[in-house]
Every structure is written in C-alpha cells, then in structure tokens.
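So that you can map any letter, position 64 of the sequence shown is 59 in my numbering, and since no number is skipped, the others follow by simple counting. Every residue, glycine too, gets a C-beta built ideally from N, C-alpha and C.
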Amino acid sequence: MTAQQRAEFVPYAVRRARDSHAGARAAAATDPVFRRLWDEGVKDRMPRAEAWWEKNAAAVAAALGN
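Structure (structure tokens):
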C-alpha cells in the first residue's frame, strides 16, 4: 500500500461499516430476502462491526504506520 492508501484506509473502513449498516437497513425495509437476513441477525452484527472500528481504529492506523 502507498502512504496515501494507508492514511485513507481506516477512515474509509469506518465510513464503510457505518454506510453498510444504513444500506442494509434500507434494503431490509424493501426486500424480503434482505429482511430475512436482517431479522436473522445481520441487524445485530452490523452495529458490532461499527463499534469494533470505533474502538480499534487508532490501533489499526498505528499498525499501518499512520
């Protein structure tokens, strides 16, 4: 990875986790397949992913040399 890619990775991952949650929630509201996945636990796992990134973002950035 280039220095710029390393610098952009963690902010991107944090945004991606947040945006994926919002997108999945919207899909669950309109698509029965997504709704089933949502109801079977995706709705619980996605906030954990967001929280993991919030908690570990600095450590990941440090490991990448940022």
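Give the DSSP-derived three-state secondary structure of residue i in the structure shown.
{"i": "residue 25", "result": "helix"}
{"i": "residue 61", "result": "coil"}
{"i": "residue 41", "result": "helix"}
Relative to the alpha-carbon of residue i, which residue among the options has its alpha-carbon at the smallest distance?
{"i": "residue 55", "options": "-4, 5, -2", "result": "5"}
{"i": "residue 68", "options": "3, 40, 38, 22", "result": "Residue 68 cannot be examined here, being either before or after the span of the chain that is shown, -4 to 61."}
{"i": "residue 13", "options": "60, 57, 38", "result": "38"}
{"i": "residue 40", "options": "16, 50, -2, 1", "result": "16"}
{"i": "residue 36", "options": "0, 20, -4", "result": "20"}
Nearest chain B C-beta to residue i closer than 9 Å, yes or no?
{"i": "residue 25", "result": "In the displayed structure, chain B is absent; only one protein chain is listed."}
- Query: Using 8 Å as the threshold, is the segment 39 to 50 in touch with the segment 5 to 23, meaning 3 or more CB pairs across them?
  - Reply: yes
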